[in-house]
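Asks:
In the working numbering, the protein residues as written are 215 to 379.
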């Protein structure tokens with residue numbers, strides 16, 4: 215994977231290519247940029263930007279991926295971690311593992327994230343049940359669940375915005 219084709223432009227946020235790139239190169243670069251926007255120390259202030267970065271990272275997976283965005287007490291990012299991968303229509307998520315990761319990173323808060331490979335980000339009843347289960351488990355260790363975001367090609371849905379948190 216080489217990125218010498220991409221150079222910073224004269225204006226902040228612009229880039230110059232020094233040779234042709236493939237669609238795969240562009241997707242890889244977009245994912246790398248999205249990951250850097252979710253890097254340690256950045257504060258979560260713009261939910262729509264976070265949605266955009268998460269969509270870039272997860273929308274093209276052919277299987278379901280469950281991840282955690284781990285945050286400190288000021289809601290700055292500690293890390294973004296994929297925890298479970300599943301089949302086309304589901305991932306087994308274990309509350310014990312989610313709690314373990316939150317404790318390992320000393321997270322004060324988390325945002326739960328998973329994708330729907332079908333492309334439709336509409337939360338299922340199973341998604342809502344899982345949210346409640348994980349929120350209760352994380353509450354026991356003093357970690358707040360801020361949101362559960364479902365990612366699809368068609369956009370992102372926040373379970374907090376829908377009133378499920």
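Each residue gets a CB set at the ideal place from its N, CA and C atoms; glycine is no exception. It should be emphasised that the depicted structure is a prediction, and the values quoted were computed from it without experimental measurement.
Which residues bound the beta strand (DSSP E) around residue 375?
Replies: Taken as a continuous stretch (DSSP letters only), residue 375 belongs to no beta strand (DSSP E), as it is neither H nor E.
Asks: Which whole runs of the alpha helix (DSSP H) in the stretch 307–367 are 4 residues long or more, in chain order?
Replies: The stretch 307–367 contains these whole alpha helix (DSSP H) runs: 309–318 and 339–353.
Asks: By Cβ distance, which residues of its chain are closer than 7 Å to residue 370, with the 5 residues on each side in sequence left out?
Replies: Taken in chain order, the residues that qualify are 265, 268, 269, 335, 363 and 364.
Asks: Express the C-alpha separation of residue 322 and residue 283 in angstroms, rounding to a whole number.
Replies: Cα to Cα, residue 283 sits roughly 11 Å from residue 322.
Asks: Kindly list the residues whose CB is nearer than 6 Å to the CB of residue 287, restricted to its own chain and excluding five residues on each side of it in sequence; keep chain order.
Replies: Around residue 287: 322.
Asks: Less than 8 Å separating the beta-carbons of residue 360 and residue 324?
Replies: Cβ distance < 8 Å, so residue 360 and residue 324 count as in contact.
Asks: Hey, could you find the ends of the beta strand (DSSP E) residue 296 is sitting in?
Replies: Unbroken beta strand (DSSP E) run through residue 296: 291–299.
Asks: Under DSSP, the beta strand (DSSP E) around residue 284 begins and ends at which residues?
Replies: 279–285 is the span of the beta strand (DSSP E), which, as asked, contains residue 284.
Asks: Nearest to residue 274 by alpha carbon, out of 228, 328 and 294?
Replies: For residue 274, the nearest C-alpha among the options comes from 328.
Asks: Which residue from 357, 351, 291 and 337 puts its Cα closest to that of residue 373?
Replies: Out of 357, 351, 291 and 337, 337 has the C-alpha closest to the C-alpha of residue 373.
Asks: Whole angstroms is fine: what's the gap from residue 358's alpha carbon to residue 345's?
Replies: Whole-angstrom Cα-Cα distance: 12 Å.
Asks: Thinking C-beta only, is residue 307 closer than 8 Å to residue 296?
Replies: Not a contact, by the Cβ cut-off of 8 Å.
Asks: Quick check: residue 319 and residue 292, are their CB atoms within less than 8 Å of each other?
Replies: Yes, Cβ-Cβ distance for residue 319 and residue 292 is below 8 Å.
Asks: From residue 238 to residue 341, what distance separates their C-alpha atoms?
Replies: Residue 238 and residue 341: Cα-Cα distance of roughly 31 Å.
Asks: I'd like the list of long-range same chain contacts for residue 349, defined as Cβ closer than 8 Å, with 5 residues on each side in sequence excluded.
Replies: Result list for residue 349: 359 and 379, in chain order.
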